[in-house]
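Sequence lines, in order, name chains A and B. For the first sequence, position 185 matches number 185 in full-length UniProt numbering, and the numbering has no gaps at all. For the second sequence, position 152 matches number 152 in full-length UniProt numbering, and the numbering has no gaps at all.
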Amino acid sequence: KMRINLAILLNIVKKPAQRIYSQHAQSDNFIPPNLVITGFNPILNKETVVTEVPDITEDVPVARFCSEKIPKPKVPIKLWMDNLMNETPQYSCAVHLHPMIFDTHPRMDILHSVVRWQQQYREVDYSWSRTRDEMGRGKKKPWPQKGTGRARHGSTNSPLWLKGGISHGPRGPRASFYELQPNILLEGLLIALTIKHIQNDLIIIESAEVPEDMMNLDGYLQSRNLIDSSLLLVHGEEENTTNIGNLVENTSSINLMPQFALNVYSILKHDKLLLSKHILDDLELKVMWQKTRYPWLGSPHNFYHDMP
Amino acid sequence: MKVHKLFQTYQVCRSLMSRQKPPLHQTTSSYLPQLRYNTTDQVRYTVSHEAYKHVEDILPPSRIPQPPKHEVYPTPSGWVAPADEVPDLPYFVKRTKYHLLPIIEKEKPKGQPVTVVYYIDGDIWALEKELKDLIRPSLEFDPATRVHEVTQSIILKGHHENVIQEFLYEKGF
Chain A
1 KMRINLAILL NIVKKPAQRI YSQHAQSDNF IPPNLVITGF NPILNKETVV TEVPDITEDV
61 PVARFCSEKI PKPKVPIKLW MDNLMNETPQ YSCAVHLHPM IFDTHPRMDI LHSVVRWQQQ
121 YREVDYSWSR TRDEMGRGKK KPWPQKGTGR ARHGSTNSPL WLKGGISHGP RGPRASFYEL
181 QPNILLEGLL IALTIKHIQN DLIIIESAEV PEDMMNLDGY LQSRNLIDSS LLLVHGEEEN
241 TTNIGNLVEN TSSINLMPQF ALNVYSILKH DKLLLSKHIL DDLELKVMWQ KTRYPWLGSP
301 HNFYHDMP
Chain B
1 MKVHKLFQTY QVCRSLMSRQ KPPLHQTTSS YLPQLRYNTT DQVRYTVSHE AYKHVEDILP
61 PSRIPQPPKH EVYPTPSGWV APADEVPDLP YFVKRTKYHL LPIIEKEKPK GQPVTVVYYI
121 DGDIWALEKE LKDLIRPSLE FDPATRVHEV TQSIILKGHH ENVIQEFLYE KGF
């Protein structure tokens with residue numbers, strides 16, 4: 001029964017579509033049926049909200065200070081703290097960031113090596129070609145050695161022949177996995193964070209938790225001119241992200257990520273980086289521990305009293 | 001030649017086959033200490049979690065500690081702490097994670113002596129000019145240097161670690 005119904009339906013749908021197309025093609029002002037025409041061009045007639053960001057003075061309360069020691073010539077970076085619940089930005093609270101993480105020397109070569117590693121290490125080349133031994137034919141000598149006037153050949157599988165075997169071709173699954181030094185990986189991450197900060201694409205939010213009755217983030221995005229840009233929201237491991245996860249699930253421009261998944265490729269892929277305030281302490285501790293640890297820590301033993 | 005080699009291998013095999021193997025217990029006892037366990041003996045020990053703090057006191061830290069404040073500099077080892085105030089100069093030289101000045105004396109593959117100064121922030125060309133003036137009296141020719149802005153380092157021809165170290169200590173780095 002189902003088959004018959006479907007067949008009828010398809011017939012009904014097909015016939016008028018052909019007729020309509022032919023009618024339009026004949027008329028003078030032809031508009032194809034799959035063309036979508038909007039009221040305004042979103043790129044040309046973009047509505048931007050112009051807001052003046054005030055300077056961070058010493059009177060502004062600070063929500064979070066740096067816990068690790070800061071080397072001499074550098075000073076902590078001050079940034080306004082944002083909140084997902086506030087539709088309009090309220091410049092009421094600031095955050096201190098560690099300069100060793102968000103103000104490093106931007107080495108593009110290191111950044112490129114890390115990005116290349118992230119793209120390559122997981123790929124496997126499956127291309128494979130048959131050699132002359134694997135052709136499964138051509139054991140016979142095609143013609144006698146002498147007397148025919150033709151070139152001498154012992155087999156039709158030779159790589160000189162058409163449809164012969166391939167010499168030095170790709171062989172089997174070949175993994176392009178390799179390891180980078182952990183110090184370089186860390187440096188690449190810091191450079192990526194620095195670039196986001198320098199280009200004014202770094203936003204610190206109070207927490208990734210939103211109330212359950214919140215329907216969408218359009219108000220937040222529109223007032224900050226973020227409606228067209230892609231966002232990467234990094235939250236702490238202890239935060240409850242069910243509500244924001246439901247909000248973000250059907251949007252194509254916002255992605256969620258826990259702190260341990262923070263990586264260079266995703267940071268560069270997204271336009272803006274939203275960091276939850278709760279990850280900053282842990283990030284700072286891990287980075288500075290790696291920078292000031294003894295290099296021989298792993299071997300021959302790891303009995304240290306403050307091992308994280 | 002082939003026959004000669006064959007004969008040699010034959011002789012080696014023959015000598016190996018004819019050798020008498022020593023019994024197993026003799027081979028182990030000759031170079032390994034023999035452990036004897038009596039399963040009937042009970043192992044006597046006590047468990048105390050409180051006494052573990054004495055172990056923790058001995059354990060080393062995993063991070064490189066900050067150096068203590070000395071009364072007089074340089075210390076007997078020749079180390080000088082960086083100045084309390086940041087020197088008012090166009091450039092800045094950071095310390096390494098071992099609290100030492102970032103200067104290396106090394107040789108290029110063909111034996112060319114070279115000194116490298118790295119971790120330089122700010123105007124690297126100003127420091128290069130001062131280092132050139134510093135080295136010039138001890139050389140016959142004009143000092144050869146190379147400035148790498150991307151890696152924030154200066155490479156100088158010849159071994160000048162001590163001179164540069166004194167110079168940077170005086171500046172307060």
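Think of the CB as a built atom: it goes at the ideal place given N, C-alpha and C, for glycine as much as any other residue.
Under the rule that 16 or more other beta-carbon atoms within 10 Å means buried, what is residue i, buried or exposed?
{"i": "A/C66", "result": "buried"}
{"i": "B/P82", "result": "buried"}
{"i": "A/R64", "result": "buried"}
{"i": "A/M215", "result": "exposed"}
{"i": "B/E128", "result": "buried"}
{"i": "A/F260", "result": "exposed"}
{"i": "A/L232", "result": "buried"}
{"i": "A/V49", "result": "exposed"}
{"i": "A/D82", "result": "buried"}
{"i": "A/H270", "result": "buried"}
{"i": "A/W143", "result": "exposed"}
{"i": "B/H73", "result": "His is not the amino acid found at residue 73 of chain B; the sequence shown has Tyr there. With fewer than 16 other Cβ atoms within 10 Å, it is exposed."}
{"i": "A/V75", "result": "exposed"}
{"i": "A/I204", "result": "buried"}
{"i": "A/K272", "result": "buried"}
{"i": "A/Q119", "result": "exposed"}
{"i": "B/Y52", "result": "exposed"}
Rounded to whole angstroms, what's the CA-CA distance from residue i to residue j? Just pull it up for me.
{"i": "A/G298", "j": "B/I64", "result": "15 Å"}
{"i": "A/E187", "j": "B/V12", "result": "59 Å"}
{"i": "A/E134", "j": "A/R122", "result": "29 Å"}
{"i": "A/K277", "j": "B/D123", "result": "35 Å"}
{"i": "B/A144", "j": "B/D57", "result": "51 Å"}
{"i": "A/L202", "j": "A/K163", "result": "58 Å"}
{"i": "B/V116", "j": "B/E107", "result": "10 Å"}
{"i": "A/E209", "j": "A/I244", "result": "7 Å"}
{"i": "A/K286", "j": "B/D121", "result": "24 Å"}
{"i": "A/T104", "j": "B/Y118", "result": "15 Å"}
{"i": "B/D88", "j": "A/P99", "result": "20 Å"}
{"i": "A/T57", "j": "A/R293", "result": "35 Å"}
{"i": "B/V3", "j": "A/G165", "result": "41 Å"}
{"i": "A/I279", "j": "B/T46", "result": "43 Å"}
{"i": "B/L168", "j": "A/D109", "result": "29 Å"}
{"i": "B/S62", "j": "A/N225", "result": "46 Å"}
{"i": "A/R247", "j": "A/Q290", "result": "Note that residue 247 of chain A is Leu in the sequence shown here, rather than Arg. Looking at the two C-alpha atoms, the distance is approximately 36 Å."}
{"i": "A/K140", "j": "A/H168", "result": "24 Å"}
{"i": "A/E239", "j": "B/E85", "result": "41 Å"}
{"i": "A/A17", "j": "A/W80", "result": "At A/A17, the pLDDT of 49 sits below 50, so the modelled position is not reliable and the matter cannot be decided from this model."}
{"i": "B/K97", "j": "A/D218", "result": "46 Å"}
{"i": "B/V93", "j": "A/D282", "result": "28 Å"}
{"i": "A/T131", "j": "A/D125", "result": "18 Å"}
{"i": "B/L6", "j": "A/Q181", "result": "51 Å"}
{"i": "B/V150", "j": "A/L35", "result": "50 Å"}
Skipping 5 residues on each side, what residues in its chain have a beta carbon closer than 8 Å to that of residue i?
{"i": "A/R19", "result": "For A/R19, the predicted model reports a pLDDT of 49, less than 50, meaning its position is unreliable and no value from the coordinates is stated."}
{"i": "B/A126", "result": "L89, P90 and Y91"}
{"i": "A/I184", "result": "I110, S113 and V114"}
Does the CB of residue i have a neighbour CB from chain A at under 8 Å?
{"i": "B/F92", "result": "yes"}
{"i": "B/K106", "result": "no"}
{"i": "B/E128", "result": "no"}
{"i": "B/L168", "result": "no"}
{"i": "B/R63", "result": "yes"}
{"i": "B/K97", "result": "yes"}
{"i": "B/L59", "result": "yes"}
{"i": "B/P68", "result": "no"}
Just to confirm my understanding: we take residue i, look at its own chain, exclude 5 residues before and 5 after, and list those with CB closer than 7 Å. What are they?
{"i": "B/H99", "result": "P67"}
{"i": "A/P258", "result": "H235 and E237"}
Is the Cβ of residue i closer than 8 Å to any Cβ of chain B?
{"i": "A/D59", "result": "no"}
{"i": "A/K78", "result": "no"}
{"i": "A/W296", "result": "no"}
{"i": "A/D306", "result": "yes"}
{"i": "A/I70", "result": "no"}
{"i": "A/W143", "result": "no"}
{"i": "A/T194", "result": "no"}
{"i": "A/H112", "result": "no"}
{"i": "A/T292", "result": "yes"}
{"i": "A/F177", "result": "no"}
{"i": "A/F102", "result": "no"}
{"i": "A/F303", "result": "yes"}
So, at 6 Å on beta carbons, what are the nonlocal neighbours of residue i in its own chain, with the 5 sequence-adjacent residues on each side left out?
{"i": "B/H160", "result": "T115 and I135"}
{"i": "A/F177", "result": "Y121"}
I'd like to confirm something about residue i: is its beta-carbon nearer than 7 Å to some heavy atom of the ligand NAP, or not?
{"i": "A/H197", "result": "This structure does not include the ligand NAP; it has no bound ligands of any sort."}
Which whole runs of the alpha helix (DSSP H) in the region 94–156 of chain A are 4 residues long or more, in chain order? 99–102 and 108–120
Which full runs of the beta strand (DSSP E) of 3+ residues lie inside the region 64–130 of chain B, going along the chain? 91–93, 103–107, 113–117 and 120–122
Kindly provide the ranges of any alpha helix (DSSP H) runs that are 4 or more residues long and lie completely inside the region 156–190 of chain A, ordered along the chain. none
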